[in-house]
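Worksheet: the structure to be examined is printed underneath.
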Amino acid sequence: MHVDTLILHAAQLITCASPNSPKRGKAMQTLDNIPDGALAIAAGKIVAVGTTAQVGSEFTADQVLSAQGKVVCPGFVDCHTHLVYAGDRLMEFEMRIGGASYLEIMAAGGGIVRTAQAVRNASVAQLVAESLPRLQAMLALGTTTAEIKTGYGLTTQSELHMLEAIGALAQQQPVTLVPTFLGAHAIPAEYQADPQAYTEQVIQEMLPAAAEWYRQSLFPQRGLPFFCDVFCEQNAFSLAQSQQVLSAGKAHGMAIKIHADEFTSLGGVGLAVEMGAVSVDHLDVTTVQDFARLAGSSTVGVMLPAVNFNLGSTHFASARAFLAAGGALALSTDINPGSAPCPSLPFVMALACRYQKLSPAEALHAVTINAAHALGLGHWVGSLEVGKQADFLLLQTNDYRALAYEFGGNLVAQVWKAGKQMMG
Ligand code: NIG
Ligand code: FE
56 MHVDTLILHA AQLITCASPN SPKRGKAMQT LDNIPDGALA IAAGKIVAVG TTAQVGSEFT
116 ADQVLSAQGK VVCPGFVDCH THLVYAGDRL MEFEMRIGGA SYLEIMAAGG GIVRTAQAVR
176 NASVAQLVAE SLPRLQAMLA LGTTTAEIKT GYGLTTQSEL HMLEAIGALA QQQPVTLVPT
236 FLGAHAIPAE YQADPQAYTE QVIQEMLPAA AEWYRQSLFP QRGLPFFCDV FCEQNAFSLA
296 QSQQVLSAGK AHGMAIKIHA DEFTSLGGVG LAVEMGAVSV DHLDVTTVQD FARLAGSSTV
356 GVMLPAVNFN LGSTHFASAR AFLAAGGALA LSTDINPGSA PCPSLPFVMA LACRYQKLSP
416 AEALHAVTIN AAHALGLGHW VGSLEVGKQA DFLLLQTNDY RALAYEFGGN LVAQVWKAGK
476 QMMG
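So, in structure tokens, the structure goes:
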């Protein structure tokens with residue numbers, strides 16, 4: 056059979072294969088690794104995966120490439136980002152070095168609402184111009200699919216601007232983007248005295264406008280979902296308010312996510328399970344009981360160790376406890392100007408291996424197939440399996456473990472998106 060492209064002689068072809076569901080618990084340790092591996096690609100999709108001997112004898116192609124000495128693995132999926140924003144929070148970085156905590160800075164009128172000020176003053180074009188280089192940096196580091204949240208507008212108009220910026224970015228560059236509406240990210244300054252009134256505003260005005268934006272956007276045509284998320288945290292949204300917002304999101308046909316247990320446990324994990332959330336994210340202070348509950352559900356648990364690292368914390372989410380309970384774990388950067396100015400999933404893997412005691416195999420599953428499931432895209436990206444989109448990387452190493460072992464550099468030599476080489 057004749058195809059578009061053959062990639063032969065990968066030192067290791069790491070498929071991260073896991074048909075139909077994320078990898079859970081112990082299964083995350085077992086990585087599908089084909090020595091002298093090969094891929095056949097036609098019309099942007101994978102048509103065969105196997106050894107060079109198998110695939111090379113069955114297929115001819117317009118383009119035949121040797122990955123001699125290199126690892127081939129799936130493109131990374133960054134399932135939790137706040138990539139679109141304006142300005143920076145360098146001042147708060149210095150305040151934290153001086154001893155102020157993230158929550159103290161937030162309570163004193165800094166944090167998310169400071170970025171909201173900058174975003175409200177920015178045009179859509181400016182949001183796109185500031186965010187595009189960050190997305191390009193992520194692509195060069197191997198990210199081929201990324202979620203992006205709103206949540207720095209905190210007015211209907213400004214949240215819509217953020218959504219428009221996400222739509223524009225989706226058209227201007229190759230990374231597949233998934234939009235998430237996070238109007239319930241922070242209580243804006245003008246509603247500080249009445250958080251419930253802001254919650255009502257999110258439900259009655261912002262959510263319907265966001266749902267209408269999605270219907271008119273390119274995302275449904277591309278088969279990409281729209282999520283509703285909420286920051287369930289002290290001084291942000293209570294459990295009851297989180298439930299109100301997410302129920303309204305569901306009523307608009309949106310899939311749901313929750314930021315839960317970052318600093319305090321308000322019961323967000325239980326809510327995520329009850330409401331059938333696709334993922335629940337952070338999990339820094341989650342109890343063993345809640346990990347067990349989460350592991351028994353179909354909701355993916357997302358951990359974000361770049362946040363702990365950036366906030367100078369020595370406490371990290373208990374990945375081992377979650378895996379021992381049989382959970383499906385994903386890792387993500389959470390790239391944002393306050394708690395994680397980090398574009399690199401390999402760096403997140405490096406942190407997770409050192410501080411959360413994941414093996415390199417577990418960490419790789421957590422940024423590929425499981426992260427794809429955390430976006431409801433497990434059928435499409437996140438692993439090298441027949442029928443899936445041909446999103447893959449060539450790494451400048453002959454052993455995948457180097458991805459988590461090395462840090463501070465970039466082992467990604469080539470990035471391929473839907474069968475086309477984008478970088479390298
Ligand atoms: O995921 N936790 C809430 N939101 C972000 C922080 C955003 C910011 O500080 O600007 C997070 O950590
Ligand atoms: Fe976040």
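So the sequence shown is numbered by the numbering used here: it starts at 56 and just counts up by one.
Built from N, CA and C at the ideal position, the CB exists for glycine as well.
1. Go to W471, then tell me how far its beta strand (DSSP E) extends in each direction, as first and last residue.
2. In three-state terms, what does DSSP make of I211?
3. Pick out whichever of L458, L448, Y455 has its Cα sitting closest to the Cα of G479.
4. Closer than 6 Å by C-beta to P33: which residues in its own chain qualify, once you throw out the five before and the five after it? Chain order, please.
5. For A385, which of C71, H57, I62, H64 has the nearest alpha-carbon?
6. Out of R348, T354, E329, A347, which one is the CA nearest neighbour of D336?
7. For the stretch 346-362 against the stretch 374-388, do three or more pairs of beta-carbon atoms, one drawn from each stretch, fall closer than 8 Å, so that the two count as touching?
8. Measuring alpha carbon to alpha carbon, tell me which of T106, A248, P263 ends up nearest L215.
9. Apart from the five residues just before and just after R409, which ones in its own chain have a Cβ nearer than 8 Å to its Cβ?
10. Assuming contact is defined by CB atoms lying nearer than 8 Å, are A2 and A65 in contact in what I supplied?
11. Report the residue ranges of all beta strand (DSSP E) runs contained in full by the stretch 296-339; include only those spanning at least 3 residues, in chain order.
12. Is it buried or exposed for A418, if we count other Cβ within 10 angstroms and need 16 for buried?
13. L466: which of R456, A473, G474 sits nearest, CA to CA?
14. Closest to E202 by C-alpha separation, out of L237, R169, A177, would be which residue?
15. Does the ligand MG have even one heavy atom less than 7 Å from the beta-carbon of N290?
16. Return yes when the C-beta of D133 is under 7 Å from any heavy atom of the ligand NIG, and no when it is not.
17. Determine the contact status of G142 and A173, defining contact as a CB-CB distance below 8 Å.
18. CB of D316 to nearest heavy atom of the ligand FE: below 7 Å?
19. Rounded to the nearest angstrom, how far is the Cβ of I89 from that of G105, given a contact under 8 Å?
20. Measuring only from the beta carbon, is N365 closer than 7 Å to any heavy atom that is part of the ligand FE?
21. Quick check: the Cα distance between G393 and F462, rounded to an integer number of angstroms?
22. Note down the Cα distance separating E147 from P396, rounded to an integer number of angstroms.
23. Does any heavy atom of the ligand FE sit closer than 7 Å to the C-beta of D339?
Taking the coordinates as given:
1. 467-472
2. Just to set this straight, residue 211 is Thr in the shown sequence, not Ile. Of the three classes helix, strand and coil, the one that applies to T211 here is helix, per DSSP.
3. L448
4. What the structure shows of the chain is the stretch from 56 to 479, and residue 33 is not part of that stretch, so it cannot be assessed.
5. C71
6. T354
7. yes
8. P263
9. none
10. Residue 2 cannot be examined here, being either before or after the span of the chain that is shown, 56 to 479.
11. 310-315, 334-337
12. buried
13. R456
14. L237
15. Although the ligand MG was asked about, the structure shown includes only the ligand NIG and the ligand FE as ligands.
16. no
17. yes
18. no
19. 7 Å
20. no
21. 22 Å
22. 12 Å
23. no
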